[in-house]
Amino acid sequence: MAPATSHAPVLTAVAVIVSLLVALPVISLCWIAATSGIDSLLQLFRTVLPGAALTTSLLMAGVAVLSGMMGAMGAWLVTFFEFPGRRVFAWAMVLPLAVPTYLAAYAFVEFFSFTGPVQQFVRLVGDFQTSRDYFFPNIRSLGGAVLILSLVLYPYVYLACRALFALQGRRLVEASQLLGAGQWRIFRRILVPMARPAIALGITLALMETINDIGAVEFLGVRTLTFSVFSLWLNQGDLAGAAQLALVLLVVVFGLILIERQARRDQRYFELRSSGQGSFSLYRLRGATALIAFAACLFPIVTGFGIPAYVLGGYALHRLEGFTDPKLLEALATSLAFAAAAATVTVAAGFVLAYWARLRGRRGESPLVRLATIGYAIPGTIVALGLFIPIAAFDNAVDGFMRGSFGIATGLLLSGSGVLILYAYAIRFMAMAEGALDGGLKKLSPSLDMAARTLGRSHFQTVRQVLLPLLWPPLATGALLVFIDSLKELSATILLRPFGVNTLSTYIYEFASRARIEDASPAAFVIILAGITPVYLLSHMARRGN
Amino acid sequence: MNSATFARRPLAAMGFVFLSTLATPGVAAEVNIYSYRQPELIQPVLDAFTKETGIETNVLFLDKGLEQRIKSEGANSPADLILTVDIGRLDAAKAAGVTEAITDATIEGNIPAQFRDPEGHWFGLTMRGRVVYASRDRVAQDSITYEDLADPKWKGKICIRDGQHFYNIGLFASMIAHDGAEKTETWLEGLRDNLAHKPEGNDRSQAKAIHAGECDIALGNTYYVGLMLTNDKEPEQKEWAKSIKILFPNNDTRGTHVNISGMALVKTAPHREDAIKLMEFLSSGEAQTIYAEQVFEYPLKPGTQASKVVQSFGEIHPDKLPLGEIAGHRKEASELVDKVGFNNGPAT
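Top to bottom, those sequences are chains Z and L. Under the numbering used here, the first residue of the first sequence carries the number 12, and numbering increases by one thereafter. Under the numbering used here, the first residue of the second sequence carries the number -5, and numbering increases by one thereafter.
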């Protein structure tokens, strides 16, 4: 396989161009960072940075452990066991993915606050009057942030694990059972080590989302490094310092990705053919164990999805007229159109990168491709700025040239259009598309390509006739993940949109920014509903073991 | 073409997105506004403007990076006018070099000098006080100063939102302007140690916290009380608002710290004349009344009445110091917040 790329100079050129385009905001960030000294950064090092670094580390460690556990165990339970509700849980466990983190944070705070139902109940039972009469843990805390973020991000781990278990776990489990191993032992000793790449991929996605988050942590009063990026920029007017700090964060992310790649590297050693679907009989749980499995699956769904749906749904009930607001419907149509377009573009670009990496084979992956997938960890506003500055400069240069040469004003060709939003989504969510496709491609034996190439097929024909028909599950998975995340994206959209373009999340934010999320509840409810269909499809893909 | 078709035909959707957004508004008489203020709040006053002049308006709402965007768009920027909800953003726009100074007798006649840039780069429209919300049940006193908030008698009794939020940064900057950086640092430490818990939530959460008995006093903006008092959909918010009273700190001495919403003309404005007409209109008594009513803020034009709800809070005497001068201390204030670890909450 190694020399294959030398025969595909066009593909290499395309892959390099795609990588560079996707890496543009990072490059531009470096440039912004270099425009000024590091005084603010040093000042920050002396004050809040150590604390923020600790907070960020703890937050990430917590989210990694909690989302990893919930995701992996959920996938284990629904794949290998029979217990009441299993079929519903199998897809419902993905539901929290439809809830944007900032809405989840808001809903949790409302739900567990003094005036929320939980504390009302506590007061009723204990006959308390004020909050000073009893102890109640504060959800606005690091622990609360870990819980909330894990509860809406664990589906990444769940999906990845479930696909892997469905594909590769059953024979191993059967063999282990024959050898007399207990179920828990099989999980710990066989399945978790085997699913390490899937768990690592899922956790990486969850952590990148955690680093990028600003809405939820700000509301929860958890000061992460990302929070410092924004206070440097907005309060101290130091964009360069903010860019420097954002780059420091990216180094951390790069480290994470390396670890994830390391874990994924072993993937090729697993069996390459999937085990038959029908031949496997689920282990039936009874009594207490069935109840535990039931509760373990129900908890993340009821909390991660149920609480936001309950809180926002409650507000929305007082505002039914809000659902028919023509602006809301328009925003919904725009959101769906943008999300669909972004899914297409991102998956296409992701495929080019993943296929190129496949052709490069053992020579390892280009750092450029890695650079192309870290957009997910950069806060959306920073991606948007990093993108807007060079693109607008390009537009102005083109405009100047066209005016000078032909007397035609082209204006802000790209930066004045919605194209830039699609571009930003592609950058932000490349990691999902590339991750899904890379995983999918790795499961296909290289002998497939070799056979096709030996039979005289070109790269293009090999892809179209052999690989794509086999790859549609990961293609669909990648597309659906990008679709859902594009639907939820706020910070890049709000900075990049032209006049008159409203998506669901910008519509929500116009209310939320004035501390009036209640008035945005119909839209918030719609954004969650719009995410449910793709979430259901995603779960369906995972069951088939993409 | 309905939305379901979009979902099934991504390419068609892409084409739609491209074409629909490429088409820029092409009306002759129009003003393009980049706004940090929510469109629904300014729409009534913009509608009044269109009705009177026939000039259309387009509003683009942003939450961050407005000045960077205009700067990058350069000569081709469609933006004519900037609207903000904070002095800091007005100052940042001026510093970024995207605003144009204008001398306009109408606006200057309407807006007192302390609420506009001496060079004419920006003008205030409405103001709100950064006041003390105090529990009606647990706080007897009816006046207070910002300096008092560091008094140990309030230990464990104060609630506040994030110290880096621009509302607080504005207040801390005014403290530096009046008392100097050194005193302000000590004051911030005192205030930090008096907090009931780490800074969190938004201004409305602080009123709720007082209602819940978590703290006795909190810092918040005046208009949130108006919003809560008139919230018919969530009547419990009326209860929160009723459990607090507003104290205007330093009202009898140097005056209560106020922040402004304001406007600035973009240097590259393609519709300069119409934009200035809109600016003049926005500073007028008629517009200020509509606008201030919408947002529960105080109009800046002398003699223009605030809404009944806002008047019920009591009389506000705004800090006399020019806001431009206060804005100059924002960076310092932000650094101080970090230096004293304000957001970590009480030291003990």
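Glycine included, each C-beta is placed from N, C-alpha and C at the ideal position. Note that the coordinates shown come from a computational prediction; the quantities given were computed from them, not determined experimentally.
Going by CA-CA distance only, name the one from L:ILE320, L:THR120, L:GLU34 and L:GLN37 that's closest to L:ILE254. The residue among L:ILE320, L:THR120, L:GLU34 and L:GLN37 with its C-alpha nearest the C-alpha of L:ILE254 is L:THR120.
In three-state DSSP terms, what is Z:VAL203? Note: Z:VAL203 maps to helix in three-state DSSP.
Return the chain-ordered list of same chain residues with a C-beta closer than 8 angstroms to the C-beta of Z:LYS338, the five sequence neighbours on each side being excluded. So the list reads ASN513 and TYR518, once near-sequence residues are dropped.
Pair within 8 angstroms by beta-carbon distance, L:LEU294 and L:ILE105: In this structure, L:LEU294 lies near L:ILE105, with their beta-carbon atoms less than 8 angstroms apart.
So L:GLY256 is in the beta strand (DSSP E); what residue range does that whole segment cover? Boundaries of the beta strand (DSSP E) around L:GLY256: 252 to 259.
Close Cβ partners of L:GLU183 (< 8 angstroms) along its chain, the five nearest in sequence each way excluded: So the list reads ALA144, VAL334 and ALA341, once near-sequence residues are dropped.
When you compare only the Cα positions, how much space is there between Z:THR465 and Z:GLN476? For the pair Z:THR465 and Z:GLN476, the Cα-to-Cα distance works out to about 14 angstroms.
Helix, strand or coil for Z:THR58, going by three-state DSSP, please let me know. DSSP, reduced to helix, strand and coil, places Z:THR58 outside both helices and strands of the structure shown, so it counts as coil.
I'd like to check one pair, L:GLY157 with L:PRO193: are the Cβ atoms closer than 8 angstroms? Result yes, Cβ atoms of L:PRO193 and L:GLY157 sit closer than 8 angstroms.
So if DSSP puts Z:GLU93 in a beta bridge, which residue, or which two residues, is it bridged to? In the DSSP assignment, Z:GLU93 is bridged to Z:ARG295.
Which term fits Z:ARG200, buried or exposed, when burial requires 16 or more other beta carbons within 10 angstroms of its beta carbon? It is exposed - the Cβ of Z:ARG200 has fewer than 16 other Cβ atoms within 10 Å.
Only counting the same chain, and skipping five residues up and downstream in sequence, which positions put a Cβ closer than 6 angstroms to that of Z:SER187? Excluding positions up to five away in sequence, the list reads ILE197 and ILE201.
My output table needs one value for Z:TYR321: the three-state DSSP class, helix, strand or coil. Reduced to three states, the DSSP call for Z:TYR321 is helix.
Per DSSP, L:VAL25 is paired with what? Residue pairing by DSSP places L:VAL25 opposite L:THR51 in a beta bridge.
Quick check: the segment 106 to 121 of chain Z against the segment 219 to 230 of chain Z, are at least 3 beta-carbon pairs closer than 8 angstroms? At 8 angstroms Cβ cutoff, the stretches touch.
Measure from the alpha carbon of Z:ALA487 to the alpha carbon of each residue in Z:GLU185, Z:LEU135 and Z:VAL358, then state which is nearest. Of Z:GLU185, Z:LEU135 and Z:VAL358, the residue nearest in Cα terms is Z:VAL358.
With burial defined as no fewer than 16 other Cβ atoms inside 10 Å of the residue's Cβ, what is the status of Z:LEU135: buried or exposed? Counting the other Cβ atoms within 10 Å of the Cβ of Z:LEU135 gives fewer than 16, which makes it exposed.
Could you compute how far the alpha carbon of L:ILE152 sits from the alpha carbon of Z:ALA72? Linking L:ILE152 to Z:ALA72 through their CA atoms gives a straight-line distance of about 32 angstroms.
Give the residues of chain Z in contact with L:LYS202, contact being defined as C-beta atoms less than 9 angstroms apart. Residues of chain Z passing the Cβ test: SER124, PHE125 and THR126.
Buried versus exposed, by CB contacts within 10 Å (16 or more), Z:MET84: Buried is the call here.
Determine the burial state of Z:ARG525: buried for a count of at least 16 other Cβ atoms within 10 Å of its Cβ, exposed for fewer. A residue is called buried once 16 or more other Cβ atoms fall within 10 Å of its Cβ, and Z:ARG525 is buried on that count.
Decide if L:ARG122 is buried, meaning its Cβ has at least 16 other Cβ atoms within 10 Å, or exposed. Classification for L:ARG122: buried.
Less than 8 angstroms between the C-beta atoms of Z:PHE94 and Z:PHE305, yes or no? Yes.
In its own chain, which residues sit with a C-beta less than 6 angstroms from the C-beta of Z:VAL264, not counting the 5 before and 5 after it? Result list for Z:VAL264: ILE385 and ALA388, in chain order.
Distance between Z:GLU185 and Z:GLY191 (C-alpha atoms, nearest Å): Each residue's CA atom was taken as its position, placing Z:GLY191 and Z:GLU185 some 10 angstroms apart.
Within the same chain, show all residues whose beta-carbon is closer than 7 angstroms to that of Z:THR473, passing over the 5 residues directly before and after it, in chain order. Within the same chain, Z:THR473 has close Cβ partners ASP460, ALA463 and ARG464.
If I'm right that Z:VAL168 touches Z:GLY82 with Cβ under 8 angstroms, what's the distance once you round it to whole angstroms? Going by Cβ atoms, the distance from Z:VAL168 to Z:GLY82 rounds to 3 angstroms, so yes, they are a contact pair.
L:GLU267, buried or exposed, once every other Cβ within 10 Å from all chains shown has been counted against 16: By the neighbour-count criterion, in which a residue is buried when 16 or more other Cβ atoms sit within 10 angstroms of its Cβ, L:GLU267 is exposed.
CA-to-CA distance, Z:ARG173 to Z:PHE399, given in whole angstroms: Rounded to the nearest angstrom, the two C-alpha atoms are 39 angstroms apart.
Measuring only the C-alpha atoms, how far is Z:VAL430 from Z:ALA408? Their backbone Cα atoms lie some 18 angstroms apart in a straight line.
Pair within 8 angstroms by beta-carbon distance, Z:TYR145 and Z:PRO311: No.
The segment 306 to 316 of chain L in contact with the segment 239 to 255 of chain L per 3-pair CB rule at 8 angstroms: Contact between the segment 306 to 316 of chain L and the segment 239 to 255 of chain L is present: 3 or more CB-CB pairs across the two stretches fall below 8 angstroms.
Give the DSSP bridge partners of L:GLY123, in chain order. DSSP lists L:VAL252 as the beta-bridge partner residues of L:GLY123.
Suppose contacts are defined by Cβ-Cβ distances below 8 angstroms. Is L:ILE76 in contact with L:MET257 by that definition? Yes, the pair counts as a contact, with Cβ atoms nearer than the cut-off.
In whole angstroms, what is the alpha-carbon distance linking Z:LEU60 and Z:MET80? Distance from the CA of Z:LEU60 to the CA of Z:MET80, rounded to the nearest whole angstrom, comes to 30 angstroms.
In or out: L:GLU61 buried (at least 16 other Cβ within 10 Å) or exposed? Buried, by the Cβ-count rule.
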